[in-house]
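Enquirer: When we follow the working numbering, the leftmost residue of the sequence shown carries the number 87, and every step to the right adds one.
Sharing a structure, written as structure tokens. Questions coming.
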Amino acid sequence: APPPPAPVPAPPAAGGATPAPAPAGIPRTFDATPYANRTATTDEAAARFLLQAQFSASTAEIAEVRRVGYAAWLGQQMGATSQSGWDWLNAKGYADPFDKAPFYDQTAPGDYMVWNQLIASADPVRKRAALALSEFFVVSLSGLDFSWRSHAIAAWWDLLAAQAFGNFRKLLEDVTLSAAMGYWLNTKGNQKENTATGRQPDENYAREVMQLMTIGLVELNPDGTEKLDGAGAKLDSYAQSDVSNLARVFTGYDFNQSQNQPTVVDGRTIPSTTFARLPMALTESRHSTLAATFLGTTIPANTPGATALRTALDTLFNHPNVGPFFGKQMIQRLVTSNPSPAYVARVSAAFNNNGSGVRGDLGAVFAAILLDDEARGPQGLTQPAW
87 APPPPAPVPA
97 PPAAGGATPA
107 PAPAGIPRTF
117 DATPYANRTA
127 TTDEAAARFL
137 LQAQFSASTA
147 EIAEVRRVGY
157 AAWLGQQMGA
167 TSQSGWDWLN
177 AKGYADPFDK
187 APFYDQTAPG
197 DYMVWNQLIA
207 SADPVRKRAA
217 LALSEFFVVS
227 LSGLDFSWRS
237 HAIAAWWDLL
247 AAQAFGNFRK
257 LLEDVTLSAA
267 MGYWLNTKGN
277 QKENTATGRQ
287 PDENYAREVM
297 QLMTIGLVEL
307 NPDGTEKLDG
317 AGAKLDSYAQ
327 SDVSNLARVF
337 TGYDFNQSQN
347 QPTVVDGRTI
357 PSTTFARLPM
367 ALTESRHSTL
377 AATFLGTTIP
387 ANTPGATALR
397 TALDTLFNHP
407 NVGPFFGKQM
417 IQRLVTSNPS
427 PAYVARVSAA
437 FNNNGSGVRG
447 DLGAVFAAIL
457 LDDEARGPQG
467 LTQPAW
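As structure tokens, then:
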């Protein structure tokens with residue numbers, strides 16, 4: 087049999103899909119006028135804000151928050167920059183395949199990298215947001231069983247940090263094509279159906295991207311409460327047929343080794359680290375040619391893989407559940423486990439429209455979470471369930 091065709095890099099979908107080292111941040115400006123609690127009137131209030139927005143509250147930071155106000159301080163911090171996790175690993179020598187410690191086969195460097203990013207970075211607000219995102223878009227370092235797994239988790243961390251104040255649609259695509267996610271949820275090596283053998287596309291990512299990363303299990307109101315039918319029953323947000331059809335979109339992808347420069351160490355061929363950072367590559371002949379119907383959208387048969395991916399991710403991104411589903415979980419990771427429906431609705435509205443007609447602006451979402459009067463007001467200090 088002839089050898090399979092070499093994969094080619096996946097053409098970027100809407101917004102592009104490129105390696106994502108943490109970029110230079112762009113300061114933001116947020117309108118404080120809708121909020122009653124615009125400035126910290128006490129050191130304690132400033133410290134509370136800081137410990138929701140980042141990881142610490144120094145005397146100098148408390149004074150600065152009190153001086154400029156919550157919105158101005160937050161906008162400034164969104165422009166802060168620091169070294170990426172990938173660059174930190176390389177600077178510490180963890181990309182050396184000849185070191186007596188086989189770093190290419192270890193998870194410890196990845197652990198060191200994450201702790202350094204959380205403790206020592208000069209952009210802790212971005213890193214706090216990235217940490218919250220990492221608990222929503224989940225990949226486990228211990229579950230990555232391939233060479234340079236620590237570099238793969240660094241690339242994963244960096245793409246979360248890069249899009250922490252970017253756009254959810256771009257982040258969703260970067261997540262989908264990530265080498266780490268591809269391995270974690272079986273998109274890597276996922277092939278189209280084969281009628282002769284009975285093989286069907288793996289459904290793992292198709293299920294999880296809906297259930298955990300975009301729309302959740304049940305239909306939601308804009309305030310995060312569950313929609314009910316006439317009998318008071320919850321409404322499923324998707325069915326098994328949606329999973330099986332969507333799975334066809336995520337076929338044909340694998341690690342992108344187009345820039346690989348392998349090294350032989352003690353008789354073992356070690357790839358270079360680059361593949362761990364590149365978006366997965368698409369081999370069109372391994373991509374499903376069947377039509378895919380899910381969530382009210384149909385991708386026609388024989389649609390090219392990159393086009394199918396764009397349509398699928400656009401469909402998920404534009405689902406009305408995403409704002410309340412994502413927004414509530416970000417509130418829970420930064421402010422309170424029990425936000426009111428009104429709080430969720432305000433954050434969901436910021437997701438749907440940042441005030442300039444843009445959907446999915448994560449900078450606007452995190453600002454809406456941290457500046458909201460429910461976060462800044464005193465009620466949470468006296469309510470045990472909050």
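Cβ coordinates follow ideal geometry from the N, Cα and C atoms, glycine included.
So, helix, strand or coil for ASP315, using DSSP?
Expert: coil
Enquirer: Rounded to a whole number of angstroms, what is the C-alpha to C-alpha distance between ARG285 and ALA454?
Expert: Using only the alpha carbons, I get a separation of about 46 Å.
Enquirer: Going straight from the alpha carbon of ALA247 to that of GLU221, what length do you get?
Expert: 13 Å
Enquirer: Judging by CA-CA distance, which residue of SER327, ALA282, TRP234, VAL451 is the nearest neighbour of PRO183?
Expert: Of the candidates SER327, ALA282, TRP234, VAL451, the one whose C-alpha sits nearest the C-alpha of PRO183 is TRP234.
Enquirer: What I want to know is whether the C-beta of GLN345 ends up closer than 8 Å to one or more non-hydrogen atoms of the ligand ATP.
Expert: The ligand ATP is not part of the structure shown, which contains no ligands of any sort.
Enquirer: Taking the alpha helix (DSSP H) that THR393 belongs to, which residues open and close that run?
Expert: 391-403
Enquirer: Within the same chain, show all residues whose beta-carbon is closer than 8 Å to that of PHE411, passing over the 5 residues directly before and after it, in chain order.
Expert: THR300, ILE301, GLY302, LEU306, GLY310
Enquirer: Hey, how far is the Cα of TRP172 from the Cα of HIS237?
Expert: 6 Å
Enquirer: By how many angstroms is the C-alpha of ASN424 removed from the C-alpha of ALA108?
Expert: Confidence at ALA108 is low in this model, with a pLDDT of 40, below 50, so the placement of that residue is unreliable and no value is reported for it.
Enquirer: Considering only C-alpha positions, which residue in the set SER374, SER226, ALA143, ALA387 is nearest to ASN280?
Expert: When SER374, SER226, ALA143, ALA387 are compared, the shortest CA-CA separation from ASN280 is found for SER374.
Enquirer: Less than 9 Å between the beta carbons of GLY446 and ASN253, yes or no?
Expert: Yes; because the gap between Cβ atoms is below 9 Å, this pair is in contact.
Enquirer: Report all residues from its chain with a CB closer than 6 Å to the CB of TRP159; omit the five preceding and five following residues, and keep chain order.
Expert: VAL151
Enquirer: Distance check for ALA146 and THR125, CA to CA, integer angstroms please.
Expert: 16 Å
Enquirer: Counting only the same chain and skipping the five closest in sequence on each side, list residues whose C-beta sits under 6 Å from that of GLN163.
Expert: VAL211
Enquirer: With 16 other CB atoms within 10 Å as the buried threshold, where does LYS186 fall?
Expert: exposed
Enquirer: Where DSSP assigns a beta bridge to LYS320, which residues make up the other side?
Expert: LEU314
Enquirer: Scan the stretch 111-153 and note each continuous alpha helix (DSSP H) run of 4 residues or more that stays entirely inside, going in chain order.
Expert: 129-139
Enquirer: Can you pull the DSSP bridge partners for VAL304?
Expert: ASP322
Enquirer: Sort out for me which residues DSSP pairs ASP447 with in a bridge.
Expert: Answer by DSSP bridge pairing, in chain order: ASN253.
Enquirer: Are the Cβ atoms of LEU258 and LEU136 separated by less than 9 Å?
Expert: Contact flag unset, no.
Enquirer: Using the Cα positions of THR355 and TYR339, report the straight-line distance between them to the nearest angstrom.
Expert: 23 Å
Enquirer: Compare the Cα-Cα distances from ALA428 to each of LYS178, PRO308, SER226, TYR180 and report the closest residue.
Expert: PRO308
Enquirer: Is DSSP giving LEU364 helix, strand or coil here?
Expert: Reduced to three states, the DSSP call for LEU364 is coil.
Enquirer: Take the Cβ of GLN326 as the centre, count every other Cβ of all protein chains shown within 10 Å, and call the residue buried at 16 or more, exposed below.
Expert: With a 10 Å radius around the Cβ and a threshold of 16 neighbouring Cβ atoms, GLN326 comes out exposed.
Enquirer: Identify the continuous beta strand (DSSP E) that holds VAL351 and give its terminal residues.
Expert: 349-351
Enquirer: Which residues bound the alpha helix (DSSP H) around ARG334?
Expert: Note, ARG334: premise wrong, no alpha helix (DSSP H); not H, not E.
Enquirer: Closer than 8 Å is the cut-off here; do at least three beta carbon pairs connect the stretch 270-279 with the stretch 361-381?
Expert: yes
Enquirer: From LEU332 to TRP201, what does the alpha carbon distance come to, in whole angstroms?
Expert: In a straight line, the C-alpha of LEU332 is about 36 Å away from that of TRP201.
Enquirer: Whole angstroms is fine: what's the gap from ASN407's alpha carbon to PRO195's?
Expert: Roughly 37 Å between the two C-alpha positions.
Enquirer: Going by DSSP in three states, PHE189 sits in which element: helix, strand or coil?
Expert: Three-state DSSP puts PHE189 in a helix.
Enquirer: Taking DSSP as the reference, what is the three-state secondary structure of PHE411?
Expert: In the three-state DSSP reduction, PHE411 falls in the helix class (H, G or I).
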